[in-house]
Amino acid sequence: MVRKMSGEEVLIGEGWKFKRTAKAWGPCQLSELPRDIAERAQEVGVRPDMNDRSGAYFQIDHSVVFSRIQKAFEGKAEIMSVKDAMKKYKWLEKFVWSIIDKEADEYTRLAADEWDNGYFIRIFENQKITLPLQACLFISTNNLDQNVHNVILAEPGSEAHIITGCTVHPNVRSGLHVGISEFFVKENAKLTFTMIHAWGEELIVRPRTGVLLEDGATFVSNYVSLKPVRSLQMFPTAYCRGDGSRAVFNSIIYGSGESKIDAGTKILLEGKKSRGEIISRSVAADRADMTARGLLIGKDKESRGHLECMGLILSEGAVIRAFPELIAEVEGTELSHEAAVGKIAEEQIFYLMSRGFSEDEARSLIVKGFMNPNILTDLPEPLKMEIEKMIELTMKKKL
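Structure, rendered in structure tokens:
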């Protein structure tokens, strides 16, 4: 239950108390961002120099500091704050809160009551955006509550890749981030969404995501989280309502410290010949407590779905639970799953040590192979290399 303590605080969840007031940031160019903020943004795939990006949105705490489409892509896509978009387009009201129920839980209610903006991205009909769009949701104030609502509209025949990085200032230890995201993928459109999280050890993170796919639409989600977090709970849901629609969710999550992570995906295969795929890699170190969920629901007799849930435990105090679930509601649907959770096999370590590697090097190689970003779909090569570096740096720090 959410309880408003005053105009400046909220109480939520397990008695967690967060601030509602933050410094107002004025507009600025991404190249003018303070160095510590720019460096953190780069760590989650957001480029302040805008190289190889078609447009960008940057929000610090409750303030939108930048939103712009590059000139070469004007008329093909637009990006702005949701509040500005709702002033510009009255029709947008019918999209907001249409996939996700604002009464779903205490966090959706908080986001509806205490709305701190978020981004609106629209890809115009039949436009292929050849460079990724980028967005950054940044917390710079310790123990702040940040509630954003993002709306993404891929019009018929369009194609785009969106990179979203969510992170905090180096001095921020605690806080709450509630991220509502609603995706509308229209007929024959393709949208790839790559989200990279790097939170703080005492951050509470509550993404709430809904995706609606029409005929022939494709949605690809790549999710990467490698830093400790106090509590992360997410269960994005895709509705493959259109005939021939397809949803793919890939995730690489590394839990360390005292992290509590409950992450999963739900895909409803409703349209004729709709397809769904969920692939997750979870690694638990130190005293991390991780739950990996996957749910495929076959509602069409020609629908097909596959779920692959793999977990690797690195420490005696770490825990991973896997809950793969398949529900066939009609005859003819074909759903399958693979699930495995365990520790590194000693024979793998001995083999690599016999080849000249130390024990730590052997463990690092095995974990890096398990977290290979090749499971992520449609990544630009530079971004794939950046994620590989993130994984390598994480291994160097932990092993």
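When we follow this note's numbering, the leftmost residue of the sequence shown carries the number 409, and every step to the right adds one. All C-beta atoms, glycine included, are put in the ideal place defined by N, C-alpha and C. As the structure is a computational prediction, the values presented were derived from the model and not from experiment.
beta-carbon Ala625 near the ligand HEM non-hydrogen atom, thresh 8 Å: The ligand HEM is not among the ligands present in this structure, which contains no ligands whatsoever.
Endpoints, the beta strand (DSSP E) within which Met779 is located: Looking at the DSSP string, Met779 is not in any beta strand (DSSP E), and its letter there is neither H nor E.
Cα-Cα separation between Arg701 and Ser711, rounded to whole angstroms: 20 Å
Segment limits, beta strand (DSSP E) that includes Leu545: Leu541 to Ile547
The stretch 572 to 581 in contact with the stretch 450 to 460 per 3-pair CB rule at 8 Å: yes
For Trp505 and Leu620, the rounded distance between their alpha carbons: 12 Å
Residue range of the unbroken alpha helix (DSSP H) whose run includes Tyr759: Glu754 to Ser762
Cβ contact (3+ pairs, closer than 8 Å) linking the stretch 532 to 544 and the stretch 454 to 462: yes
Beta-carbon proximity of Lys522 to Asp553, cut-off 9 Å: Note that residue 522 is Glu in the sequence shown, not Lys. Yes, these two residues count as a Cβ contact at 9 Å.
Buried versus exposed call for Val738 [16 or more other C-beta atoms within 10 Å across all chains shown]: exposed
Helix, strand or coil at Asp460 according to DSSP, with G and I counted as helix: coil
Inter-residue spacing [alpha-carbon to alpha-carbon] between Ile529 and Leu561: 6 Å
Backbone CA spacing between Val593 and Asp651 [nearest angstrom]: 13 Å
Buried versus exposed, by CB contacts within 10 Å (16 or more), Leu801: exposed
Exposure label - Trp499; buried when at least 16 CB within 10 Å: exposed
Selected residue, minimal CA-CA separation from Phe426, among Lys707, Phe731 and Asn555: Asn555
Other residues of its chain near Asp444: CB distance less than 7 Å, five sequence neighbours each side excluded: His577 and Pro578
Integer-rounded CB distance, given that Ala748 should sit under 8 Å from Gly692: The sequence given here has Ala at residue 692, not Gly. At roughly 14 Å, the Cβ-Cβ gap does not stay under 8 Å, so Ala692 and Ala748 are not in contact.
DSSP three-state assignment for Lys431, whether helix, strand or coil: coil
Bounding residues of the alpha helix (DSSP H) (the contiguous stretch that carries Tyr515): Glu514 to Asp521
Boundaries (first-last residue) of the beta strand (DSSP E) holding Lys674: Lys668 to Leu677
The beta strand (DSSP E) enclosing Ile661, as first and last residue numbers: Arg654 to Gly663
Segment limits, alpha helix (DSSP H) that includes Val490: Val490 to Lys496
Other residues of its chain near Ile675: CB distance less than 6 Å, five sequence neighbours each side excluded: Ala646, Ala655, Gly684 and Leu704
Beta-carbon proximity check, Thr516 vs Ile507, cutoff 9 Å: no
Met421 versus Ile612 - alpha carbon distance: As written in the sequence, residue 421 is Gly, which differs from the Met given in the question. Their backbone Cα atoms lie some 10 Å apart in a straight line.
Assigned secondary structure, Ala730 (DSSP; H/G/I helix, E/B strand, else coil): strand
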